[in-house]
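**Q**
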Amino acid sequence: MKIEVCCGSVDDAISAQAGGADRIELNSALFLGGLTPSPGCFAGVKSATALPVVTMVRPRAGGFSYTETEIDAMRRDIEYYVENGSDGIVFGVLRDDGTVDVGRCRELIERCAGAEKVFHRAIDVVPDALDAIEALIDLGFDRVLTSGQAARAVDGIDMLTRMIAHARGRIEILPGGGINVANYRLIVEKTRCDSIHVSPRRAVVDRSATGNPAIHFGGALYPSEDGYTIADAAQIAAFSRGSESG
3 MKIEVCCGSV DDAISAQAGG ADRIELNSAL FLGGLTPSPG CFAGVKSATA LPVVTMVRPR
63 AGGFSYTETE IDAMRRDIEY YVENGSDGIV FGVLRDDGTV DVGRCRELIE RCAGAEKVFH
123 RAIDVVPDAL DAIEALIDLG FDRVLTSGQA ARAVDGIDML TRMIAHARGR IEILPGGGIN
183 VANYRLIVEK TRCDSIHVSP RRAVVDRSAT GNPAIHFGGA LYPSEDGYTI ADAAQIAAFS
243 RGSESG
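Residues 3 to 248 in the working numbering are what the sequence shown spells out, letter by letter.
1. Mapping DSSP to helix, strand and coil, what is methionine 3?
2. Quick one: grab the DSSP three-state call for glycine 179.
3. Could you give the first and the last residue of the continuous alpha helix (DSSP H) run that contains leucine 252?
4. Beta-carbon within less than 8 Å of valine 156's beta-carbon, same chain only, minus the 5 sequence neighbours each way: which residues are those?
5. Going by the CB atoms, is the gap between methionine 3 and glycine 36 shorter than 8 Å?
6. Please state whether DSSP places arginine 145 in a helix, a strand or coil.
7. Identify, in the order they occur along the chain, each residue of the same chain with its Cβ nearer than 8 Å to the Cβ of arginine 123, setting aside the five sequence neighbours on each side.
8. Between the region 137-144 and the region 107-127, do three or more beta carbon pairs fall short of 8 Å?
9. Where do the N-terminal and C-terminal ends of the beta strand (DSSP E) with arginine 25 fall, by residue?
10. Could you please give me the residues that DSSP links to isoleucine 91 through a beta bridge?
11. Could you check the C-alpha separation between glycine 64 and isoleucine 125 for me, to the nearest Å?
12. Label leucine 96 either buried or exposed according to how many other C-beta atoms from any shown protein chain fall within 10 Å of its C-beta, with 16 as the threshold for buried.
13. Span of the alpha helix (DSSP H) holding isoleucine 166?
14. Cutting at 6 Å between CB atoms, please list the residues of its own chain near proline 215, excluding the five before and the five after it.
Laid out in structure tokens, this is it:
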């Protein structure tokens with residue numbers, strides 16, 4: 003079983019490698035579901051680790067129906083990351099009705115050259131996941147990240163199993179979303195998946211932004227300003243050990 007770790011920084015990637023991960027999915031703004039990372043972060047990850055890196059290309063938070071200017075930014079981002087050695091590109095575009103925007107996805111796939119093409123969890127909000135899988139196969143995607151259209155992958159086991167059976171090896175179905183050391187074995191056993199996508203975190207204290215309690219940088223929900231989270235190598239290692247023993 004392969005373990006892909008969701009990372010939002012160079013330190014995350016270093017922890018992922020130390021914990022025995024097989025692949026890194028590189029993002030920024032993990033609390034928003036993952037956005038396009040900076041070129042500097044990408045370069046740092048490539049320099050600091052030897053793991054394959056797939057790079058998120060998502061220009062903003064919210065839904066997945068994009069304007070022409072947003073699509074243009076995505077084209078440029080994909081070209082940059084492919085030219086600079088990204089092993090894969092993670093993206094997804096939907097129409098306003100929630101179905102896969104085949105035309106837009108095809109435009110972006112054409113920029114991916116030899117890199118892997120991964121459709122992200124936008125599939126978890128489409129009206130018909132199996133129809134969407136057929137569209138992604140026809141487009142040439144290599145993999146789709148999904149929680150089985152549930153809040154957590156463990157709650158989407160039935161749909162994940164259906165998706166894997168429907169795909170019949172034509173596209174990889176990668177379970178992700180709330181997978182942890184306590185539930186991953188059940189997900190693997192029930193779905194018979196070959197890989198999992200995980201984001202084990204631990205808290206890090208940083209009190210530099212706590213001097214003025216009226217100021218918040220973390221969004222409308224005002225997450226704590228006295229720290230942040232980082233990938234937890236110890237938790238990643240627990241996945242890795244379980245994979246080797248099972």
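Glycine included, every Cβ here is placed at the ideal spot set by N, Cα and C.
This structure is a prediction, so every number in the text was calculated from the model and none was measured.
**A** Taking the geometry as given:
1. Reduced to three states, the DSSP call for methionine 3 is coil.
2. Coil, per DSSP.
3. Look at the range of the chain in this structure, 3 to 248, and you will see that residue 252 is not part of it.
4. Gly180, Ile181, Asn185, Leu188 and Ile189, listed in sequence order.
5. The Cβ atoms of glycine 36 and methionine 3 lie no closer than 8 Å to each other.
6. Three-state result, arginine 145: strand.
7. Hits under 8 Å: Gly35, Gly94, Leu147, Thr148, Ser149, Gly178 and Gly179.
8. Yes, since at least three Cβ pairs between the region 137-144 and the region 107-127 fall closer than 8 Å, the two stretches touch.
9. It spans 25-28 - the beta strand (DSSP E) in which arginine 25 sits, taken as one unbroken run.
10. Answer is Thr57 and Lys119.
11. Between glycine 64 and isoleucine 125, the C-alpha separation is close to 14 Å.
12. By the 10 Å Cβ count, leucine 96 comes out buried.
13. Taken as a continuous stretch (DSSP letters only), the alpha helix (DSSP H) holding isoleucine 166 covers 159-169.
14. Result list for proline 215: empty, nothing under 6 Å.
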